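The structure appears right after this line, and notes come after that.
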Amino acid sequence: EAGVVQSPRYKIIEKKQPVAFWCNPISGHNTLYWYRQNLGQGPELLIRYENEEAVDDSQLPKDRFSAERLKGVDSTLKIQPAELGDSAVYLCASSPGTPRHYEQYFGPGTRLTVT
Amino acid sequence: QKEVEQDPGPLSVPEGAIVSLNCTYSNSAFQYFMWYRQYSRKGPELLMYTYSSGNKEDGRFTAQVDKSSKYISLFIRDSQPSDSATYLCASYSGGYQKVTFGTGTKLQVIP
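Protein sequences, first through last, are from chains L and S. The first sequence lines up with residues 1 to 115 when you count with the working numbering. The second sequence lines up with residues 1 to 111 when you count with the working numbering.
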């Protein structure tokens, strides 16, 4: 069974430029998460989707971050414009959904560097 | 205070040693407790999860939860160089439907 797929793996951009990350979850997983992981820290939730619906986006900086999950499968996370502090690893995860939200499977992440 | 606290290490042990990794948590609402392994430049990999208090064993790995003291442990027997990674503990509350991660402990097993 294929795991969570993310692309690109690495991205270097200048500040104020836009950037987008793509995620394909494990087949059959209804719940999809975007996390941000800073160096030496654990992942921090940005947004959670149940199918197409964003059910928890309380930690998403909505002035510059946006996300979508069309058709309840693939998802895209966008930053526009990027700031130096956005440099981090952006992780996508999926889970079978209720009640198994504790069982999350992560992709390899996208390492973003903003210069 | 973070809801899940974890010593960042690094922890260095010789090959074959028994490793003990520990976390504490503060939220009594947490019901599930997970351990993830993260290799350098990779995503976290779910190792095990435990519901409420008790022990769970999977091969060389044993997870232990003591809810009375809010203490979470992962034991690795016969440690191998391939176990060298960062280990993240995490806790989950069904009420919040949210996983809270510790900062991770970096483990190095020396051949």
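We put the CB at the ideal spot given by N, CA and C, even for glycine. Model, not experiment: these values are computed from the prediction.
The DSSP-derived three-state label of P18 of chain L is coil. Leaving aside the five residues that flank W22 of chain L on each side, the residues in its chain whose CB is nearer than 6 angstroms to its CB run, in chain order, S7, T76. Under the 8 angstroms Cβ criterion, the stretch 97-106 of chain L does not count as touching the stretch 64-84 of chain L, having fewer than three qualifying pairs. The closest CA to that of D63 of chain L, considering only L:I79, L:Q37, L:A54, L:S27, is found on L:I79. When the beta-carbon positions are compared, L91 of chain L and Y35 of chain L come within less than 8 angstroms of each other. Residue L:V89 holds the alpha-carbon nearest to the alpha-carbon of L46 of chain L among L:T98, L:V114, L:V89. Using a Cβ distance threshold of 8 angstroms, T86 of chain S and E3 of chain S do not count as a contacting pair. In summary, the residues of the stretch 34-52 of chain L whose CB is separated from some CB of chain S by less than 7 angstroms are G40, Q41, G42, P43, L45, in the order they occur in the chain. In this structure, P81 of chain S places its C-beta atom within 8 angstroms of the C-beta atom of E15 of chain S.
Scanning chain S for C-beta atoms nearer than 8 angstroms to the C-beta of G28 of chain L yields nothing, as the closest lies near 16 angstroms away. When the five nearest sequence neighbours on each side are left out, the beta carbons in the same chain lying within less than 6 angstroms of the beta carbon of R111 of chain L are those of Y10, V89, in order along the chain. Among the CB atoms of chain S, none fall inside 8 angstroms of the CB of L112 of chain L. In chain order, L46, I47 place their CB closer than 6 angstroms to the CB of L60 of chain L, counting only its own chain and leaving out the 5 sequence neighbours on each side. If you check the CB distance, G104 of chain S and P8 of chain S come in under 8 angstroms. Contact annotation: S79 of chain S and V13 of chain S have beta-carbon atoms nearer than 8 angstroms.
The shortest CA-to-CA distance from G3 of chain L to any of L:A67, L:S27, L:F65 is the one to L:S27. Contacts with chain L at 8 angstroms (Cβ-Cβ) do not include V13 of chain S.
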